[in-house]
Amino acid sequence: MSYGSSSLASGAKTATRHFEYGRTHVVRPKGRHQATIVWLHGLGDNGASWSQLLETLPLPNIKWICPTAPTRPVAVFGGFPCTAWFDVGELSEDGPDDVEGMDASAAHVANLLSTEPADIKIGVGGFSMGAATALYSATCFTNGKYGNGNPYPVNLSAVVGLSGWLPCSRSLKNKVESSQAAARRAASLPLLLCHGRGDEVVLYKHGEKSAEVFRSTNFQNLTFKTYNGLGHYTIPEEMEDVCKWLTATLGLDGSRS
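Here this note's numbering is used: position 170 in the sequence shown is 167, and no number is missing along the way.
What follows is the structure, encoded as structure tokens:
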């Protein structure tokens, strides 16, 4: 079992919360290794459940890293502890943002990707709260830094969010527009957002609003796919769209040797 932990005060003298991450599951590529994606589970879930699904996908050139979030008290559950990438009061872009928690999880993702070979394309994706964390990582990459100002260390080539929302959406536009480098990264970063119109947990309107915020902030390489009748889960049609998008976006050749 591999355990990871992330502390935002690495080398700093200020005290900060320390998060203990659970087990990380790795799905090795079945063919030539061309890309590595960290995939993040939803609230109360763990890395094992998604690793089992990802292993079945026809993507032999991708290595999947599926970490497990820390167990922490979560406001939306009245303070009841469960696995969560950050604390959340409501599952939408309207709630207060736990920037410290999101920074810690985005740093954990970046740490997992930082040891990949230089010729491997890297990305991050997730479902529900995992999608929110992936989209937050996208904004950290775009801005070149975490919410706390520390530099963001990896170069993302693809970001996928299923049934999620965009945290810190209210401040994104100002941050991107105040930096030419951020605007350039925003324009080129490939993003895939998927959302079911029947989602009763993270309402469809929140996924739609997130896509609108990205579009209005110069994220030109954005695909937003919707699914009639889909609730807060995934279906083969959606995963097929994810496979096609990743294959095209990352230039995967499908080779098994």
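Backbone N, C-alpha and C define an ideal beta-carbon position, used for all residues, glycine too.
The model shown is predicted, which means the values in this text are computed figures rather than measured ones.
Check, Outcome
"Exposure label - G146; buried when at least 16 CB within 10 Å", "exposed"
"Selected residue, minimal CA-CA separation from V71, among Q217, I117, D100 and G41", "G41"
"Helix, strand or coil at D116 according to DSSP, with G and I counted as helix", "coil"
"Close Cβ partners of L243 (< 6 Å) along its chain, the five nearest in sequence each way excluded", "none"
"Integer Cβ distance of A183 from N215, believed to fall under 8 Å", "5 Å"
"Coarse secondary structure for A131, derived from DSSP in three states", "helix"
"Residues near C137 in its chain [Cβ-Cβ closer than 6 Å; skip 5 each side]", "A103, Y143 and Y149"
"Terminal residues of the beta strand (DSSP E) in which F74 lies", "Note, F74: premise wrong, no beta strand (DSSP E); not H, not E."
"Beta-carbon spacing of W36, L54 below 8 Å", "no"
"Residue closest to S160, alpha-carbon to alpha-carbon, out of D94, G248, G204 and N58", "G204"
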